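Protein chains: 2
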Amino acid sequence: VREDIVQAATRVFSRRGYHAASMAEIADEVGMRKPSLYHHVRKKEDLLFAIHERLIDELIDETMAVLSTSRNPEEKMREVLRVAVGLVARHRDGVTVFLRERRSVSGERWAELTVKRDLYEKMVGRVVSEGIADERFIDVPAAVATRAILGMANWSSMWFEPEGELAAESLADIFAQLALNGLIRR
Amino acid sequence: VREDIVQAATRVFSRRGYHAASMAEIADEVGMRKPSLYHHVRKKEDLLFAIHERLIDELIDETMAVLSTSRNPEEKMREVLRVAVGLVARHRDGVTVFLRERRSVSGERWAELTVKRDLYEKMVGRVVSEGIADERFIDVPAAVATRAILGMANWSSMWFEPEGELAAESLADIFAQLALNGLIRR
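Here's what the structure looks like:
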């Protein structure tokens, strides 16, 4: 039931925006009466938190798995992008909410999410730095290059249609081609 | 006065989100009483529309100027990115609102903005297609490459600090370096 509620909240937040969405709409979306919803969820913010936490945990786990292989920086970057685009493909509405509402909430437990976001960025930055140190990649500021590449992937949540003609796999390949061609020293 | 109101609304929408923001907060921000604000602005949506319209018009004008030069696709792309990053640097809060709230509103006059957004994307796509046709750029789907590159620039509104250490000019150069290195055929 909790899973269904989080899924329904994700769709409603994506469609309406977090602030505009009401618990009544979420109850409607899940096919439940409002009092029953409150039986499972104390407040709207808890749902936003659950959406964020799941996504960032999944992203970190999969990216960590890529980093711990013995591949070279190019191959790691290709896989890192595949993971990021895969997340958009599997959880498009969730990623939209995640990215759009990153400043909608504050308070102690959100600090934990900020730590995780920073950790993810650091992991990707590490791949870029390794490539620069190896002289495989061009000499650009690693943090800026990392954000440029992640921006490309993040932004895809705004236009990529998981059910459309372009497969997530192909999108990841094109991103990897552009990002790697962009990074690799000639 | 109208200019001050639009500026104040931009800051409030950026900070609070469009839906969460109230006309009272905007009146506060501009240092005006609410009835006086309503004297100048009929409703909150008009302010969101004004923010969107100014930005897209400025972006299109400047990008059009780049396109109408006789530069080659590489040089045009460098300038296109400079224009996009320049917009973020000059109007960071506005761009944040523009990108985050693109689906917050609907109705007839918003259709006009969608037409303009598509036009902008088409202009940038044209530079990419020219480069591919010339065999200067690698053979990637032009529309996807365009969105990848614009994503990089758009996303910078989420983290770039116009008052920070990294100058907008340097950011544009790094983006151009990555995007062009990424696009150019070896």
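Sequences listed follow chains P and B, in order.
According to my numbering, the first sequence is numbered sequentially starting from 1.
According to my numbering, the second sequence is numbered sequentially starting from 1001.
Built from N, CA and C at the ideal position, the CB exists for glycine as well.
As the structure is a computational prediction, the values presented were derived from the model and not from experiment.
Check: Taking one C-beta from the segment 105 to 113 of chain P and one from the segment 76 to 92 of chain P each time, how about it: are there three or more such pairs within less than 8 Å?
Finding: no
Item checked: Min CB distance W159/P to chain B below 8 Å -> Looking up residue 159/P in the first sequence gives position 159. Yes, W159/P counts as interfacial toward chain B.
Next item on the list: Reducing DSSP to helix, strand and coil, say where I138/P ends up.
Entry: On the first sequence, residue 138/P is found 138 positions in, with the first residue counted as 1. In this structure, I138/P counts as coil in the three-state DSSP scheme.
Next item on the list: Check distances from the C-beta atoms of the segment 118 to 130 of chain P to those of chain B and list, in chain order, the residues that come in under 7 Å.
Entry: none
Notebook entry, point to check: So is M1064/B buried or exposed if we call it buried at 16+ other beta carbons inside 10 Å?
Noted result: Position 64 of the second sequence, counted from the start, is the residue given in the question as residue 1064/B. Exposed, by the Cβ-count rule.
Note to self: Does chain B have any CB closer than 8 Å to the CB of W110/P?
What the structure shows: Residue numbering aside, residue 110/P sits at position 110 when the first sequence is read from its first letter. No, because no Cβ of chain B sits closer than 8 Å to the Cβ of W110/P.
Notebook entry, point to check: According to the Cβ coordinates, are I1149/B and R1185/B closer than 8 Å?
Noted result: Your numbering for residue 1149/B matches position 149 in the second sequence. Your numbering for residue 1185/B matches position 185 in the second sequence. No, these two residues do not count as a Cβ contact at 8 Å.
Next item on the list: Establish whether the CB of S104/P and some CB of chain B are separated by less than 8 Å.
Entry: Position 104 of the first sequence, counted from the first residue, corresponds to residue 104/P. Taking Cβ atoms only, chain B reaches closer than 8 Å to S104/P, which makes this a yes.
Next item on the list: With hydrogens ignored, establish whether the beta-carbon of V83/P is closer than 7 Å to any heavy atom of the ligand ADP.
Entry: Questions concerning the ligand ADP fall outside what the structure shown contains, since it holds no ligand whatsoever.
Checklist line | Counterpart residues of I184/P in DSSP-defined beta bridges | finding: In the first sequence, the residue the question calls residue 184/P occupies position 184. DSSP lists F137/P as partners of I184/P.
Notebook entry, point to check: Beta-carbon of G22/P versus every beta-carbon of chain B: anything under 8 Å?
Noted result: Taking the first sequence and counting its residues from 1, one reaches residue 22/P at position 22. At residue 22/P the sequence reads Ser, which differs from the Gly that was named. No, S22/P does not count as interfacial toward chain B.
Notebook entry, point to check: Can you tell me the Cα-Cα spacing of V83/P and V1140/B, whole angstroms?
Noted result: Within the first sequence, numbered from 1, the residue matching residue 83/P stands at position 83. Within the second sequence, numbered from 1, the residue matching residue 1140/B stands at position 140. Those two C-alpha atoms are separated by around 21 Å.
Check: Looking only at its own chain, which residues have a Cβ that is under 7 Å from the Cβ of R33/P, when we skip the five neighbours before and after it?
Finding: Against the first sequence, residue 33/P aligns to sequence position 33. Counting only Cβ-Cβ distances below 7 Å, and skipping sequence neighbours, we find A27.
Notebook entry, point to check: Could you give the distance in angstroms between the alpha-carbon of R136/P and the alpha-carbon of F1013/B?
Noted result: Taking the first sequence and counting its residues from 1, the one referred to as residue 136/P is at position 136. Taking the second sequence and counting its residues from 1, the one referred to as residue 1013/B is at position 13. Cα to Cα, the separation comes out at about 43 Å.
Note to self: Does the structure place the segment 1 to 17 of chain P close enough to the segment 41 to 54 of chain P that three or more beta carbon pairs sit under 8 Å?
What the structure shows: yes
Check: For N72/P, which three-state DSSP category applies?
Finding: Position 72 of the first sequence, counted from the first residue, corresponds to residue 72/P. In the structure shown, N72/P sits in coil (DSSP, three-state: anything other than H, G, I, E or B).
Margin query: If you reduce the DSSP assignment to three classes, tell me which class K43/P lands in.
Written below: On the first sequence, position 43 is the one that residue 43/P refers to. Coil, per DSSP.
Margin query: Classify T146/P: buried if its beta carbon has 16 or more other beta carbons within 10 angstroms, exposed otherwise.
Written below: Taking the first sequence and counting its residues from 1, the one referred to as residue 146/P is at position 146. That one is buried.
Check: Any beta-carbon of chain P closer than 8 Å to the one on R1100/B?
Finding: Locating residue 1100/B in the second sequence gives position 100, where the first residue counts as 1. Chain P, which has a Cβ nearer than 8 Å to the Cβ of R1100/B, makes this yes.
Margin query: Considering only the alpha carbon of each residue, which of L81/P, K116/P, E161/P lies closest to I56/P?
Written below: Along the first sequence, one-based indexing puts residue 56/P at 56. Looking at the Cα atoms, K116/P is the closest of the given residues.
Item checked: Exposure label - H52/P; buried when at least 16 CB within 10 Å -> Your numbering for residue 52/P matches position 52 in the first sequence. Label assigned to H52/P: buried.
Margin query: Just checking: is the beta-carbon of R11/P within a distance shorter than 8 Å of some beta-carbon in chain B?
Written below: For this step, residue 11/P is matched to residue 11 along the first sequence. Cβ-Cβ to chain B under 8 Å: no for R11/P.
Note to self: To the nearest angstrom, how far is the alpha carbon of E1025/B from that of E165/P?
What the structure shows: Taking the second sequence and counting its residues from 1, one reaches residue 1025/B at position 25. Taking the first sequence and counting its residues from 1, one reaches residue 165/P at position 165. The alpha-carbon atoms of E1025/B and E165/P are separated by roughly 44 Å.
Next item on the list: Could you spell out the range, first to last residue, of the alpha helix (DSSP H) harbouring G1003/B?
Entry: As a first step, residue 1003/B must be located in the second sequence, where it is residue number 3. With the sequence shown as reference, residue 1003/B is identified as Glu, and Gly is not the correct amino acid for it. It spans 1002 to 1016 - the alpha helix (DSSP H) in which E1003/B sits, taken as one unbroken run.
Next item on the list: Examine chain P for any beta-carbon lying closer than 8 Å to the beta-carbon of F1049/B, and answer yes or no.
Entry: For the purposes of this step, residue 1049/B is taken as residue 49 along the second sequence, with counting starting at 1. With 8 Å as the cut-off, F1049/B does not count as an interface residue toward chain P.
Item checked: Selection of the segment 18 to 43 of chain P by Cβ proximity to chain B, strictly under 7 Å -> H19, A20
Item checked: Proximity winner among W155/P, L183/P, E121/P, A143/P, relative to T1096/B (alpha-carbon distances) -> Locating residue 1096/B in the second sequence gives position 96, where the first residue counts as 1. Taking only the C-alpha atoms, the option nearest T1096/B is W155/P.
Check: What first and last residue would you give for the alpha helix (DSSP H) that runs through L1099/B?
Finding: Indexing the second sequence from 1 puts residue 1099/B at position 99. Note, L1099/B: alpha helix (DSSP H), 1092 to 1100.
Next item on the list: Return the first residue and the last residue of the alpha helix (DSSP H) that E29/P is part of.
Entry: Against the first sequence, residue 29/P aligns to sequence position 29. Here the alpha helix (DSSP H) through E29/P covers 23 to 30.
Notebook entry, point to check: Quick one: what's got a C-beta closer than 8 Å to L37/P's C-beta in the same chain, skipping five residues either side?
Noted result: For this step, residue 37/P is matched to residue 37 along the first sequence. These residues qualify, in order along the chain: I5, M23, I26, A27, V30.
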